[in-house]
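Engineer: Before we start, here is the structure in question, set down as structure tokens.
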Amino acid sequence: MANNKLTWTELRRLLASRAGVKESEANAFLSTLNEQLIEALKKDKQVKINGLGTFRLQSVAPRRSVSVSSGQEMTIEGYNKIVFTPESGVKELVINAPVAAKNADANEEINPLKKLGDQAEEIVDILADLGQAPKTEKEPKEEKPKKKIVKKKVVVKPQPVTPEPIKIEEPEPVKVEEPGPVKAEEPKPVEIATPVEPEKPAKPEQPEKPKKKYHFLRDTLICVICLLLLLLIGYFFLRNQLTSLINSIGKDKPVQTELVEPKAQQTDTLPANIEGTSNQSRTYFESDTVLKETEKETPKEIVYDNLITTEPMHEASRLTWMAKRYYGSKDYWPYLYDANKDRITNPNKITVGTPIRVPKLTAEQMDTTIESSRLTLHRLREEAEAACKK
Amino acid sequence: MLTKDLISLIAEKTGLSKKKVEQLLTTNNAILRENLMAGKAIQMQGLGTFEIKERKERTIVHPRTGERTLVPSKSQLVFRPVTNLKEELKKI
């Protein structure tokens, strides 16, 4: 490294010979240059030298730290430091300096260019390696749209085919006919597209025609199977719903009377009761869809007999926070909403001062590993979230 | 402070003409640049050293796209002040 350093004396001699001055003069110049530079830095905090760069005095603010040995907090005092930023021209000159220096020993100026070229090639190689993954992804994207068109053609065919097998299984033929085609049409593009896509990227690399035909056949098969599955699922889902509907119609009236009673027992205000009852009466007179909604809910309606407390809503409180406080988890907030449905229209906008009943939840209700309680919680949450949007 | 001011200050102190100082300064800078280009470090007595530091190549990851790119190695001009000066300036 000794060779790689230009010392003070060398610099002095070089300067003297280049500028045509005495060495003593060069020495005087250089030392005063340094002196003045420091002085100027102290005074102005910044010195700019054309053809070289800028020296700046930068202050570092005091900061807090922890002593490594004792673990005590201590403050590191602020200080100043010199920052040198080279002029842009100088910076560029220097960027490839070591390369130039290494080559200067052997072949002066031709090699640096070659070396640069080599570096560029290496970088390109590495970038190519790194970039391979994204590139391959781009290719299949271009080919996807073609295959999607194929899918659409395929999708049209199975529609008339699918209702046949289902009709055989139907115990209630009237009701399934309506939703069957409707439900099947909606999910088709989504569900079919997903299983087929992952196979695509591999396929485009095999351009042979017979293989493609084979794939189309497989695609159509997959489509048909998916459709069948969807229809089956839809059918069973609907049947379940229908049975629950039928059950609920039978149970409706007794449940309602139950609902009103606890409300009266619990320390209620009058308007709340009126609202609750009016809501229920409304549902009966309105259209079928509303009826269905209430009928789904009513069989599982929960009666909150035991109350922990009744807490008035204050400004900074939320149902979720109350749930966290009383039940240990925010997840149970829908129960709070459910217990206070008659007072709360929108769980996000509860008027301050509204007394909130905090019901005592059974261990069963709190246990989300039990499926029924999980489902009721889910249902209540959906209700509450729907109420948020009102 | 700009170069002009520095030149006039030096001229005042050394008794040389401003022109001469300017010429000296430019040749000095030229020498520095040439030597730096040749990969040499330069020691300025009482001030510090100018040297070239090599920054190794590294891969960077784009935070949003997760894309990886290679930043090639490069050299940087670095100024390291003499410890005396460093300590002196700390306390200002």
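Residue numbers (the numbering used here), protein chains in the order written: chain A, 1 to 390; chain B, 391 to 482.
Glycine included, C-beta positions come from ideal geometry on N, C-alpha and C.
As the structure is a prediction and not an experimental result, all values here were calculated from the model.
(1) Who are lysine 464(B)'s beta bridge partners in DSSP?
(2) Quick check: what's the CA-CA separation for histidine 452(B) versus arginine 458(B)?
(3) By how many angstroms is the C-alpha of asparagine 27(A) removed from the C-alpha of leucine 93(A)?
(4) Short check: CB of leucine 380(A) to CB of aspartate 338(A), under 7 Å?
(5) How far does the alpha helix (DSSP H) with asparagine 348(A) in it reach, from first residue to last?
(6) What is the DSSP secondary structure of glutamate 73(A), reduced to helix, strand or coil?
(7) Should threonine 404(B) be flagged as near chain A, meaning a C-beta pair shorter than 7 Å?
(8) Would you tell me roughly how many angstroms separate the C-alpha atoms of arginine 63(A) and isoleucine 126(A), rounded to the nearest one?
(9) Listed in chain order, which residues of the stretch 18-36 of chain A have Cβ atoms closer than 8 Å to some Cβ of chain B?
(10) Spell out a yes or no on whether the stretch 442-449 of chain B and the stretch 461-468 of chain B are touching, meaning 3 or more CB-CB pairs, one atom from each, closer than 8 Å.
(11) Expressed to the nearest angstrom, what Euclidean distance is found between the alpha-carbon atoms of threonine 75(A) and serine 407(B)?
(12) Per DSSP, which residues does valine 83(A) bridge with? Please list them.
(13) Would you call the stretch 369-380 of chain A and the stretch 11-18 of chain A in contact, with 3 or more CB pairs under 8 Å?
(14) Using the beta-carbon of each residue, which ones in chain D are nearer than 8 Å to asparagine 419(B)?
(15) Shortest alpha-carbon distance to glutamate 315(A) belongs to which of Gln119(A), Ile350(A), Gln46(A) and Asp342(A)?
(16) For a cutoff of 7 Å on Cβ pairs, would you count glycine 456(B) as touching chain A?
(17) Determine the chain B residues that contact phenylalanine 84(A) at a beta-carbon separation under 7 Å, and present them in chain order.
(18) Using beta carbons (cut-off 7 Å, strictly below), is alanine 40(A) in contact with chain B?
(19) Please report the distance separating the alpha-carbon of valine 303(A) from that of asparagine 340(A).
(20) Using 8 Å for Cβ pairs, my map puts leucine 437(B) next to leucine 475(B). What's the rounded Cβ distance?
Structural biologist: So, from the data block:
(1) Working through the second sequence from its first residue, we reach residue 464(B) at position 74. Looking at the DSSP assignment, lysine 464(B) forms a beta bridge with Arg445(B).
(2) For the purposes of this step, residue 452(B) is taken as the residue at position 62 of the second sequence. For the purposes of this step, residue 458(B) is taken as the residue at position 68 of the second sequence. Going by the C-alpha atoms only, they are around 6 Å apart.
(3) If you number the first sequence from 1, residue 93(A) lands on position 93. If you number the first sequence from 1, residue 27(A) lands on position 27. For leucine 93(A) and asparagine 27(A), the distance between alpha carbons rounds to 27 Å.
(4) As a working mapping, residue 380(A) is identified with position 380 in the first sequence. As a working mapping, residue 338(A) is identified with position 338 in the first sequence. In this structure, aspartate 338(A) lies closer than 7 Å to leucine 380(A) by Cβ.
(5) Taking the first residue of the first sequence as 1, we reach residue 348(A) at position 348. Neither: asparagine 348(A) is in no alpha helix (DSSP H) and is coded neither H nor E.
(6) Counting from one through the first sequence, the residue named residue 73(A) turns up at place 73. In the structure shown, glutamate 73(A) sits in a strand (DSSP, three-state: E or B).
(7) Stepping through the second sequence from its first residue, residue 404(B) is reached at position 14. It does; some Cβ of chain A falls within 7 Å.
(8) Numbered from 1 along the first sequence, position 63 holds the residue referred to as residue 63(A). Numbered from 1 along the first sequence, position 126 holds the residue referred to as residue 126(A). Roughly 42 Å between the two C-alpha positions.
(9) Arg18, Ala19, Val21, Glu25, Ala26, Ala28, Phe29, Leu30, Ser31, Thr32, Leu33, Asn34, Glu35 and Gln36
(10) yes
(11) Counted from its first residue, the first sequence places residue 75(A) at position 75. Counted from its first residue, the second sequence places residue 407(B) at position 17. Cα to Cα, the separation comes out at about 49 Å.
(12) To locate residue 83(A), count along the first sequence from 1; it is residue 83. Its beta-bridge partners are Arg56(A).
(13) no
(14) Judged by its chain identifiers, the structure shown contains no chain D, and its protein chains are A and B.
(15) Here residue 315(A) corresponds to residue number 315 of the first sequence, with the count starting at 1. Nearest C-alpha to glutamate 315(A): Ile350(A).
(16) For this step, residue 456(B) is matched to residue 66 along the second sequence. Glycine 456(B) does not count as touching chain A.
(17) Along the first sequence, one-based indexing puts residue 84(A) at 84. Neighbours of phenylalanine 84(A) on chain B, chain order: Phe469.
(18) For the purposes of this step, residue 40(A) is taken as the residue at position 40 of the first sequence. Yes, contact with chain B.
(19) As a first step, residue 303(A) must be located in the first sequence, where it is residue number 303. As a first step, residue 340(A) must be located in the first sequence, where it is residue number 340. Using only the alpha carbons, I get a separation of about 11 Å.
(20) If you number the second sequence from 1, residue 437(B) lands on position 47. If you number the second sequence from 1, residue 475(B) lands on position 85. Sure, about 7 Å apart at Cβ, within 8 Å.
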